[in-house]
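Data block below; observations after.
Numbering (the working numbering), first residue to last: 796 to 879.
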């Protein structure tokens, strides 16, 4: 089973997240594997401009103040999908 690189949980399925969004020139930028809840949360929390300029590394994402409550909450949950 793969690990989601943001929440460090073992999950059944991950998707690739471009660290610099494709819409901001990151089509060929590095990607990371994220579970659906983490991927959805990132895109609901930050704009593409913020992701491209401020949160374009795993280190920056893991330290992002706006994600701390979410990361504390998700780390011990067996959630596979969030619906917004």
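Don't be surprised by glycine CBs; every beta carbon is placed ideally from N, CA and C.
Of the residues 820, 818, 803 and 799, the one whose Cα lies closest to the Cα of residue 811 is 799. In the structure shown, residue 809 adopts coil according to DSSP, grouped into three states. A buried status is given to residue 847, since no fewer than 16 other beta-carbon atoms sit within 10 Å of its beta-carbon.
Bridge pairing for residue 798: 805 [DSSP]. Checking the DSSP bridge columns, you'll see residue 829 partnered with 810.
Taking the Cα positions, residue 873 is about 31 Å away from residue 818. A direct Cα-Cα distance of roughly 13 Å separates residue 821 from residue 845. Along the length of the segment 839-877, whole beta strand (DSSP E) runs at least 3 residues long do not occur.
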